[in-house]
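There are 2 protein chains.
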Amino acid sequence: MQIAIIGLGLIGGSIAKALKANTTHTVVGFDRDENVLLDALFLGAIDRIGSTTALREADVVYVCLYPEDAVAFVRENAERFKPRCIVTDVCGIKGGVCGRLAALAAENGFVYVGGHPMAGKERSGFEASEAGLFYNASYIFVPGDAPQDAVKTLAELAGAMGFGTIQYCTQQKHDRMIAYTSQVPHVLACAYVMSPRCDEHNGFSAGSYRDVSRVAKINAELWADLFLSNREELTDELSELIRNIESIRTAVEDGDREKILALLSAAREKKEKFG
Amino acid sequence: MQIAIIGLGLIGGSIAKALKANTTHTVVGFDRDENVLLDALFLGAIDRIGSTTALREADVVYVCLYPEDAVAFVRENAERFKPRCIVTDVCGIKGGVCGRLAALAAENGFVYVGGHPMAGKERSGFEASEAGLFYNASYIFVPGDAPQDAVKTLAELAGAMGFGTIQYCTQQKHDRMIAYTSQVPHVLACAYVMSPRCDEHNGFSAGSYRDVSRVAKINAELWADLFLSNREELTDELSELIRNIESIRTAVEDGDREKILALLSAAREKKEKFG
Numbered sequence: 510m511q512i513a514i515i516g517l518g519l520i521g522g523s524i525a526k527a528l529k530a531n532t533t534h535t536v537v538g539f540d541r542d543e544n545v546l547l548d549a550l551f552l553g554a555i556d557r558i559g560s561t562t563a564l565r566e567a568d569v570v571y572v573c574l575y576p577e578d579a580v581a582f583v584r585e586n587a588e589r590f591k592p593r594c595i596v597t598d599v600c601g602i603k604g605g606v607c608g609r610l611a612a613l614a615a616e617n618g619f620v621y622v623g624g625h626p627m628a629g630k631e632r633s634g635f636e637a638s639e640a641g642l643f644y645n646a647s648y649i650f651v652p653g654d655a656p657q658d659a660v661k662t663l664a665e666l667a668g669a670m671g672f673g674t675i676q677y678c679t680q681q682k683h684d685r686m687i688a689y690t691s692q693v694p695h696v697l698a699c700a701y702v703m704s705p706r707c708d709e710h711n712g713f714s715a716g717s718y719r720d721v722s723r724v725a726k727i728n729a730e731l732w733a734d735l736f737l738s739n740r741e742e743l744t745d746e747l748s749e750l751i752r753n754i755e756s757i758r759t760a761v762e763d764g765d766r767e768k769i770l771a772l773l774s775a776a777r778e779k780k781e782k783f784g
Numbered sequence: 510m511q512i513a514i515i516g517l518g519l520i521g522g523s524i525a526k527a528l529k530a531n532t533t534h535t536v537v538g539f540d541r542d543e544n545v546l547l548d549a550l551f552l553g554a555i556d557r558i559g560s561t562t563a564l565r566e567a568d569v570v571y572v573c574l575y576p577e578d579a580v581a582f583v584r585e586n587a588e589r590f591k592p593r594c595i596v597t598d599v600c601g602i603k604g605g606v607c608g609r610l611a612a613l614a615a616e617n618g619f620v621y622v623g624g625h626p627m628a629g630k631e632r633s634g635f636e637a638s639e640a641g642l643f644y645n646a647s648y649i650f651v652p653g654d655a656p657q658d659a660v661k662t663l664a665e666l667a668g669a670m671g672f673g674t675i676q677y678c679t680q681q682k683h684d685r686m687i688a689y690t691s692q693v694p695h696v697l698a699c700a701y702v703m704s705p706r707c708d709e710h711n712g713f714s715a716g717s718y719r720d721v722s723r724v725a726k727i728n729a730e731l732w733a734d735l736f737l738s739n740r741e742e743l744t745d746e747l748s749e750l751i752r753n754i755e756s757i758r759t760a761v762e763d764g765d766r767e768k769i770l771a772l773l774s775a776a777r778e779k780k781e782k783f784g
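Residue numbers (the working numbering), protein chains in the order written: chain A, 510 to 784; chain B, 510 to 784.
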């Protein structure tokens, strides 16, 4: 197959490298940065630098851009994709993306499957990308009305890239779960380092400080957009978290040892049960 | 030197193993569990099983028990320590421990130095202990009025065990910093897994879920006591955290992109500056 990758950042670059390392498909790269394209070519992350013709010939297109840019790209190129070309995005939020891209697909005769490869790191850009980024990670698909063979093709490619779990769900379920598993930890990390005690943590901290604060090294522009695209789910989940912190805080303030024990034991049981 | 270790759990067991692996001192082990003592002897983590006589001959005593048990042990054995014997604890909280142990030291002619080796893991007990647990970690000392040569002896032993940082401070500073670096992440992990979404996280989660929830596998009895021994500092720090989460939550609810960007960028700067 001819596989086009739009945007060779951390995710797009890693998809390109993983496909080149594990499949024999032809990988064509698109990026607004000429240097990145030449680097990707030089490093063998792509077979060719993309062109309008190459886009027309693509069997699968991974749009690896920020949400608004992804929608804009597909809109501008909607007429170029060949019939039944499979177009997929990698956006961390599906509301506001899936609906618009599915509509463009229906109007223009290509196939759209929402996707979210659940991987990342603190650094971004092509330089940070790596073929092994997805090892054992989860790839979430939001197929909507897409034909099953298209979804199967993408799932097989995900398997080849090293993903360990393939998850299928609706857009609503995706966004509710992501608010919890990914957005809340990012809010939390930022809120945590805002304490004046952060400035003096050195010498007083160990693994638990490091783990909670890790993702405070945040890509502010990207996450501001992701948060705003999932406003309701995220604010609900943050309220849930605040209530649960308040419960423990109140038990500590009241010196209620039995209550603290009950809350911590329940948490431990959940962590042991659900991992 | 003759070094006595009271309690061969995760910390005491690891201290024993680290001392045996890296020094030529004689390590004597005490534990209420006969099996643990025999295991420790068999594995070479200690040179001898402790006795009253061995305690009388000890030059350094590491009391590796929960806070209340540590104070009780030292009180019951206060007359047995030889003059200028160095007694130190490993409690995660210093208020309510240092004062009482320093008083017992002054009354009975031994030396007390508060200590907190900043290391841990999700499992506890001698089985989980390891000589390398302290590699590059921080050892906090609360010397109070202890003579400098005693503090120096403990700092040298800490260096031999593999600690990378030695930190000296007052009891008050220790407890304020620990509320932030260690207790808040434990409260947070427990509060985080209380969400109903935790039950379904599998397939939707990656590194940031794993990192925030890790310490929810909590030793409830131990941490309930640690929280209650540091009530004021911990509730203050939790209030600070809740306020900071609320700030981001409100900005998201209001759809205030500029405000979100400002908060996240400030967090990123702090994380980059302070690590």
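Think of the CB as a built atom: it goes at the ideal place given N, C-alpha and C, for glycine as much as any other residue.
Just so you know, these numbers come straight off a predicted model, no measurement behind them.
Return the Cβ separation of residue i and residue j in integer angstroms, given the expectation that the two are a contact with Cβ distance under 8 Å.
i: D720(A); j: P694(B); result: 7 Å
i: Y701(B); j: A725(B); result: 7 Å
i: R565(A); j: R589(A); result: 5 Å
i: A567(A); j: I512(A); result: 7 Å
i: G671(A); j: Y689(A); result: Contact doesn't hold; Cβ gap of about 25 Å is too wide.
i: V606(B); j: P576(B); result: 5 Å
i: L773(A); j: I727(B); result: 5 Å
Thinking C-alpha only, which one of the options is nearest residue i?
i: I769(A); options: N544(B), A729(B), V596(B), A664(B); result: A729(B)
i: L743(A); options: L750(B), D745(B), G764(B); result: G764(B)
i: H534(A); options: G553(A), R541(A), S738(A); result: G553(A)
i: G712(A); options: A698(B), A715(B), S691(B), V696(B); result: S691(B)
i: S638(B); options: F736(B), I558(B), I595(B), C573(B); result: C573(B)
i: R584(B); options: L550(B), S560(B), G653(B), Y621(B); result: Y621(B)
i: G641(B); options: K526(B), I514(B), A760(B); result: K526(B)
i: S799(A); options: G784(B), C678(B), A669(B); result: Absent from the structure is residue 799(A), since the part of chain A shown begins at 510 and ends at 784.
i: T662(A); options: V570(A), I757(A), T759(A); result: V570(A)
i: K682(A); options: A664(A), V696(A), Q657(A), F650(A); result: F650(A)
Using a Cβ-Cβ cut-off of 8 Å, state whether residue i counts as contacting chain A.
i: F539(B); result: no
i: V606(B); result: no
i: F783(B); result: yes
i: S704(B); result: yes
i: A776(B); result: yes
i: N753(B); result: yes
i: L519(B); result: no
i: R632(B); result: no
i: S691(B); result: yes
i: I649(B); result: yes
Using a Cβ-Cβ distance cut-off of 8 Å, determine whether residue i contacts chain B.
i: Y644(A); result: no
i: K661(A); result: no
i: V580(A); result: no
i: R758(A); result: yes
i: C573(A); result: no
i: V761(A); result: yes
i: K780(A); result: yes
i: A733(A); result: yes
i: D598(A); result: no
i: P694(A); result: yes
i: I769(A); result: yes
i: M510(A); result: no
i: T532(A); result: no
i: R740(A); result: yes
i: L666(A); result: no
Buried or exposed for residue i, going by 16 or more other Cβ atoms inside 10 Å?
i: A581(B); result: exposed
i: K501(A); result: Nothing can be reported for residue 501(A), as the shown portion of chain A is limited to 510 through 784.
i: S738(A); result: buried
i: A612(A); result: exposed
i: E749(B); result: buried
i: R777(B); result: buried
i: N753(A); result: buried
i: S717(A); result: buried
i: R685(B); result: buried
i: N544(A); result: exposed
i: T597(A); result: buried
i: F551(B); result: exposed
i: D708(A); result: exposed
i: D654(B); result: exposed
i: K529(A); result: buried
i: K779(A); result: buried
i: L547(B); result: exposed
Indicate, with yes or no, if the ligand PLP has a heavy atom lying under 7 Å from the CB of residue i.
i: C678(B); result: No copy of the ligand PLP occurs in the structure displayed, which carries no ligand at all.
Chain B contacts made by the segment 711 to 730 of chain A, where a contact means CB separation under 9 Å
Legend: CB atoms of the segment 711 to 730 of chain A lying less than 9 Å from CB atoms of chain B belong to residues N711, G712, F713, S714, A715, G716, S717, Y718, R719, D720, V721, S722, R723, V724, A725, K726, I727, N728, A729, E730.
Can you list, in chain order, the residues of the segment 670 to 683 of chain A whose Cβ is nearer than 7 Å to any Cβ on chain B?
Listed in sequence order: T674, Q676.
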